[in-house]
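Participant: Numbering (the working numbering), first residue to last: 42 to 281.
Ideal placement from N, C-alpha and C gives every residue a C-beta, glycine not left out.
Attaching a single structure in structure tokens format; questions to follow.
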């Protein structure tokens with residue numbers, strides 16, 4: 042490789058690392074306000090139980106995921122988007138920080154989206170995809186979420202739209218983001234008592250971490266906010 046090409050390559054790597062580091066720091070200093078509790082219970086794969094607060098900010102009991110036909114509709118269904126007045130409101134509402142209450146059991150953290158993405162897209166997805174097929178009821182719930190246009194997909198990097206899985210459950214894209222979101226959906230179905238709406242909300246949180254600019258832009262458009270301040274946010278986190 043010539044010195045000129047090597048220099049361009051090194052500059053690209055440095056730029057990418059700066060973007061990732063900026064997002065991680067950005068996440069760590071945001072406050073995610075929890076305003077409600079559902080009182081559900083999470084079950085780990087070993088069979089032990091622990092409490093979790095469940096969905097916050099909006100009552101999801103009456104959300105019918107079957108009516109959702111796009112990522113924008115999913116955001117509007119599971120978040121109180123009417124409360125968004127500014128870009129900061131959207132950031133506070135959609136970008137999570139810390140470790141989710143299922144995070145220790147799953148082995149992920151909102152504060153390390155790149156590491157979590159790598160784990161969720163490979164190890165987690167392989168394990169859960171084999172396991173969930175043994176449970177017909179949960180497999181059908183998974184298909185209803187992932188093979189329909191609910192937003193469980195990598196649509197912003199690979200153009201597959203809001204549908205992440207084929208009708209037989211296979212990932213429609215080989216990038217990291219798609220199997221990560223599919224694996225997350227399967228794990229929550231297998232190991233928690235989350236409703237489909239609660240699962241979809243968690244997917245939207247992680248999808249916002251992976252595609253902050255796109256997801257926040259959607260939220261602001263839904264609420265009628267100003268999207269100009271999103272111009273400096275990274276479009277995507279992790280490899281595609």
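Per DSSP, which residues does residue 238 bridge with? Please list them.
Facilitator: Counting from one through the chain shown, the residue named residue 238 turns up at place 197. Answer by DSSP bridge pairing: none, since residue 238 is not bridged.
Participant: May I ask you to report which of helix, strand or coil DSSP gives residue 81?
Facilitator: As a first step, residue 81 must be located in the chain shown, where it is residue number 40. With a pLDDT of only 38 at residue 81, under the threshold of 50, the placement of this residue in the model should not be trusted, and no figure is reported.
Participant: Is it buried or exposed, residue 49, if we count other Cβ atoms within 10 angstroms and call 16 or more buried?
Facilitator: Position 8 of the chain shown, counted from the first residue, corresponds to residue 49. The pLDDT assigned to residue 49 is 49, lower than 50, so where the model puts this residue is not dependable, and the model offers no usable value.
Participant: Based on DSSP bridge pairs, tell me the residues matched to residue 212.
Facilitator: For the purposes of this step, residue 212 is taken as residue 171 along the chain shown, with counting starting at 1. DSSP lists 206 as partners of residue 212.
Participant: In chain order, what residues of the same chain lie with their CB nearer than 6 Å to the CB of residue 221, ignoring the 5 residues before and after it?
Facilitator: Walking along the chain shown from the start, residue 221 turns up at place 180. Result list for residue 221: 158, 161, 162, in chain order.
Participant: Could you spell out where the alpha helix (DSSP H) holding residue 183 opens and where it closes?
Facilitator: As a working note, residue 183 is residue 142 in the chain shown. Start and end: 177 to 187.
Participant: Thinking just about the alpha-carbon of each residue, which of 228, 278, 260 is nearest to the one in residue 112?
Facilitator: In the chain shown, counting from the first residue as 1, residue 112 sits at position 71. Among 228, 278, 260, the Cα nearest to that of residue 112 belongs to 260.
Participant: Tell me the residue span of the alpha helix (DSSP H) that contains residue 169.
Facilitator: Here residue 169 corresponds to residue number 128 of the chain shown, with the count starting at 1. Its alpha helix (DSSP H) spans residues 166 to 173.
Participant: At what residues does the alpha helix (DSSP H) containing residue 195 begin and finish?
Facilitator: Within the chain shown, residue 195 is the residue found at index 154, counting from 1. Per DSSP, residue 195 belongs to no alpha helix (DSSP H) and is neither H nor E.
Participant: Which of the three DSSP states is assigned to residue 111 in this structure?
Facilitator: Within the chain shown, the letter at position 70 stands for residue 111. Here residue 111 sits in coil by DSSP.
Participant: Please report the distance separating the alpha-carbon of residue 246 from that of residue 150.
Facilitator: Walking along the chain shown from the start, residue 246 turns up at place 205. Walking along the chain shown from the start, residue 150 turns up at place 109. C-alpha separation (whole angstroms): 12 Å.
Participant: Straight-line CA distance for residue 219 to residue 126?
Facilitator: Counting from 1 along the chain shown, the entry for residue 219 is found at position 178. Counting from 1 along the chain shown, the entry for residue 126 is found at position 85. Approximately 30 Å, taken between the alpha carbons.
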